[in-house]
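What follows is a single structure, written as structure tokens, with notes after it.
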Amino acid sequence: MIQKTLQKLGAVLKKDERLLADDGKILKNQAVELVNKLDEGLIDLLASDKDLKKIFFKKIGEMMVFDKDLFIEFVSNKEFLPDSYTAFKNKIGFEIGGQYLKSQKEVVLVWPYKDCILEGGQTKEDAKRKEIFWNETLAPDDVNRLLEAKVLTNWKRYDKDNLKNGHVVTEIKDTDNLIIKGNNLLALHSLKKRFAGKVKLIYIDPPYNTGNDSFGYNDSFNHSTWLTFMKNRLEVARELLSNDGSIFISINHLELGYLMVLMDDIFGIENKLPIITLKAGTTASYRAINECPVNVSEYVLSYRKSSNYVANRIYRETKYSEDYSYFIKNKNDNSEKWIIEKIDDIIYKNNKCDNWKDFKDKFGPTWKNDRLKLKENFALENSDKVVSLNTLQKPSKDVQIIIEKSKNNRNKVFSYKRSDKNDIHCFNGRTLAFLSSKFKNINGKNVLAEIVTNLWDDISFLSLGSEGGVDLINGKKPEALIKRIVDISTLKNDDIVLDFFAGAGTTGAVAHKMGRKYILVEQLDYIHDLPESRMKKVIEGEQGGISKAVNWKGGGSFVYTELMPVNEKFVREVENVKNKKEVSDLWKRIERNGFLSYRVDEQKFHKNAKDFSDLSLEEQKKFTLESLNKNMLYVPINEIEDSSYKVSKDDIKLNEEFYGE
Numbered sequence: 042m043i044q045k046t047l048q049k050l051g052a053v054l055k056k057d058e059r060l061l062a063d064d065g066k067i068l069k070n071q072a073v074e075l076v077n078k079l080d081e082g083l084i085d086l087l088a089s090d091k092d093l094k095k096i097f098f099k100k101i102g103e104m105m106v107f108d109k110d111l112f113i114e115f116v117s118n119k120e121f122l123p124d125s126y127t128a129f130k131n132k133i134g135f136e137i138g139g140q141y142l143k144s145q146k147e148v149v150l151v152w153p154y155k156d157c158i159l160e161g162g163q164t165k166e167d168a169k170r171k172e173i174f175w176n177e178t179l180a181p182d183d184v185n186r187l188l189e190a191k192v193l194t195n196w197k198r199y200d201k202d203n204l205k206n207g208h209v210v211t212e213i214k215d216t217d218n219l220i221i222k223g224n225n226l227l228a229l230h231s232l233k234k235r236f237a238g239k240v241k242l243i244y245i246d247p248p249y250n251t252g253n254d255s256f257g258y259n260d261s262f263n264h265s266t267w268l269t270f271m272k273n274r275l276e277v278a279r280e281l282l283s284n285d286g287s288i289f290i291s292i293n294h295l296e297l298g299y300l301m302v303l304m305d306d307i308f309g310i311e312n313k314l315p316i317i318t319l320k321a322g323t324t325a326s327y328r329a330i331n332e333c334p335v336n337v338s339e340y341v342l343s344y345r346k347s348s349n350y351v352a353n354r355i356y357r358e359t360k361y362s363e364d365y366s367y368f369i370k371n372k373n374d375n376s377e378k379w380i381i382e383k384i385d386d387i388i389y390k391n392n393k394c395d396n397w398k399d400f401k402d403k404f405g406p407t408w409k410n411d412r413l414k415l416k417e418n419f420a421l422e423n424s425d426k427v428v429s430l431n432t433l434q435k436p437s438k439d440v441q442i443i444i445e446k447s448k449n450n451r452n453k454v455f456s457y458k459r460s461d462k463n464d465i466h467c468f469n470g471r472t473l474a475f476l477s478s479k480f481k482n483i484n485g486k487n488v489l490a491e492i493v494t495n496l497w498d499d500i501s502f503l504s505l506g507s508e509g510g511v512d513l514i515n516g517k518k519p520e521a522l523i524k525r526i527v528d529i530s531t532l533k534n535d536d537i538v539l540d541f542f543a544g545a546g547t548t549g550a551v552a553h554k555m556g557r558k559y560i561l562v563e564q565l566d567y568i569h570d571l572p573e574s575r576m577k578k579v580i581e582g583e584q585g586g587i588s589k590a591v592n593w594k595g596g597g598s599f600v601y602t603e604l605m606p607v608n609e610k611f612v613r614e615v616e617n618v619k620n621k622k623e624v625s626d627l628w629k630r631i632e633r634n635g636f637l638s639y640r641v642d643e644q645k646f647h648k649n650a651k652d653f654s655d656l657s658l659e660e661q662k663k664f665t666l667e668s669l670n671k672n673m674l675y676v677p678i679n680e681i682e683d684s685s686y687k688v689s690k691d692d693i694k695l696n697e698e699f700y701g702e
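If you want the numbering used here, it's the 1-based position in the sequence shown plus 41.
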């Protein structure tokens, strides 16, 4: 009945030339637009057909009322004028449903595929094509099966004694660092059994949705697909975090707003930490061409798991500030006898000048810079006697009394004694802050420092291509950036750091050098050329990045393992086929050795083989992906002893240790 109505509707609409494209196809959106305007010509046309009149017009009293919403539902139906791909799926019984879209009056925070389990999302860089996705809303039982833990295989332990081939893994240790190859969504769900509530810090650098990074990720999702891709992973990532844990995500301005709303929903807006702004570029690049203001920023979104999270107070190196422009001549005397003078006056006197005009005449056009340099040198040499005059925020009642007293007694120091902290000194209504308190040990050097804010313009993104001994032109993050994040959110060597977009392995390299435990997850084959290779270099004592800052000498180990693939290997093959003959050969192998979806009727498929062969190469690849049973991308842990998978006894033992079974 529905199919006949759709066919009749298509035939009638073709009578209206306004609805026809140049190729004779019906413009669905134009039909909807005209109906929304209650176009008389189109409504008369629909009423002229007795069958359509019965469906789209209702008699109310003596009047016939056109049901605009019902018409839009029919036109919006995916089976109305289907393309060749949809028509083929309908023929073999693969397409399920055919429900109409419902028009909604209210606005809600949803997006297409929100409730789907989205797989794939990555492809080889040289493919240079739109990614093939499967977007499926699975039944609860199917979702549970898809996301249950998977068998791990190909275990190898790498340390300084055997970095080339690795050691055979005979036991799983709590101290093991892990590199896992496999789909990161399914790897995260597998990690839940061992690490739920145990990860102190998650840092990820996901695809930015720009189309121009150097990884193999598909970096040009539409927003809906990207949101779903991220949502599924972030929800399970939250389960892995400890109650005092946090997550930091690198992102650019294009997806910042989308990601922020998603993170607010998953982690709670009350758990949002300050947004970090990075200066990741300069105007001395292509960005400056025909673009103003020039965008040189990237961002790091950060959220805590709960209020139990406490950020560590850390500092960054800074320059001398002229705020520290006063000198205590007699610092060793009692504070009430201190004599305070301006450093400028000392500089003038030392250079045989009475005032700034004399100094200007003596040093010429560069006099201000010369004075600043002399002040800086003097201040650094006398930091325990150099002070700034500050306005204290929200002083206690007792301190306010001292401040007021100093206002009324000019050029005299008044002090408020404290037994547990440094005394507070007041001068002319202001409080004194010593330059010596600004010195901190950073990266082994005693330097002027300031507490880290959410503006990070001191980390260089230049010349990162070969940092860590692995080559990557774009998309790489500096080790200094990850170190700062690790410093903020972790303290102990047994704190676990997780990165499930391992990419170039920067997170692992930094965590290893800083003595943190880490877990890296990567799906693509370059896991061997990038993160695995990089971690081997770190163990050898590689001296790039933060190595000198943390006095890295080499050592340590990591364990490499993989999710045991079944249909996943066919996914990789689908992405790499180059012609229809290869698709045909691949389909035969899938029928012999893979797992097809229960929705695929093989007899109908072969009966309609001609229609399949008429599809474009991309449509054939898309259908092949959709036909795979997503629950069998990898071997489920509860089927580990099924002889058809040929899981070795050693792998069975290691999986039992890993999953605690």
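Backbone N, C-alpha and C fix where the C-beta goes; we use that ideal spot for every residue, glycine too.
Values in this document were obtained by computation on a predicted structure and should not be read as measured data.
Can you name, in chain order, every residue of its own chain whose Cβ lies under 7 Å from the Cβ of residue i, other than the five neighbours on each side?
i, result
"V53", "L86, L87, D90, L93"
"D498", "K320"
Which class does residue i belong to by DSSP, given the choice of helix, strand or coil?
i, result
"E189", "coil"
"F636", "coil"
"H294", "helix"
"N418", "helix"
"L433", "coil"
"V210", "coil"
"H569", "coil"
"S338", "strand"
"I500", "coil"
"M271", "helix"
"S89", "coil"
"G82", "helix"
"Y350", "coil"
"L150", "Summary for L150: the model assigns pLDDT 45, below 50, so the residue's position carries little reliability; its value from the coordinates is reported in the next sentence. L150 falls in the coil class under three-state DSSP."
"P315", "coil"
"A490", "strand"
"S35", "Look at the range of the chain in this structure, 42 to 702, and you will see that residue 35 is not part of it."
"P677", "strand"
"M105", "strand"
"W196", "strand"
"F541", "coil"
Closer than 6 Å by C-beta to residue i: which residues in its own chain qualify, once you throw out the five before and the five after it? Chain order, please.
i, result
"K313", "Y344"
"R274", "L226"
"Q48", "none"
"N372", "For the record, residue 372 in the displayed sequence is Lys; it is not Asn. Closer than 6 Å at the Cβ level, and outside the excluded window around K372, lie K426."
"A590", "N484"
"V703", "Only positions 42 to 702 of the chain appear in the structure, and residue 703 is not among them; the question remains open."
Does the separation of the CB atoms of residue i and residue j fall below 9 Å?
i, j, result
"F289", "I307", "no"
"G286", "K214", "no"
"L658", "V624", "yes"
"K403", "N392", "yes"
"A72", "V116", "yes"
"L430", "L496", "no"
"I158", "L187", "yes"
"F611", "I133", "no"
"E603", "L193", "yes"
"V615", "K662", "yes"
"N349", "N284", "yes"
"I560", "I537", "yes"
Between the Cα of residue i and those of the options, spot the shortest distance and give me the residue it belongs to.
i, options, result
"V618", "S588, G701, L666, R59", "L666"
"L201", "S654, S689, G596", "In the sequence as presented, Leu is not what sits at residue 201; that position holds Lys. Closest option to K201, Cα to Cα, is G596."
"F502", "G586, F98, A550", "G586"
"G82", "G102, D64, I96, R59", "R59"
"D626", "L522, K648, S654, D305", "S654"
"V335", "V579, E311, H294", "H294"
"L565", "H553, G546, E583", "G546"
"G223", "S598, F636, Y567", "Y567"
"H13", "E632, F599, Y639, K622", "The chain is shown only over 42 to 702; residue 13 falls outside these bounds and no answer can be derived."
Using a Cβ-Cβ cutoff of less than 8 Å, which residues in the same chain neighbour residue i once the five nearest sequence positions on both sides are dropped?
i, result
"I380", "I369, K370, N371"
"N534", "G556, R557, K558"
"K594", "G582"
Segment contact flag, the region 567-579 with the region 524-535, C-beta cutoff 8 Å, min 3 pairs: no
Cβ contact check for the region 440-457 and the region 477-497: 3 or more pairs under 8 Å: no
Segment contact flag, the region 194-209 with the region 537-552, C-beta cutoff 8 Å, min 3 pairs: no
Touch test, the region 516-525 against the region 235-243, Cβ-Cβ under 8 Å, three pairs minimum: no
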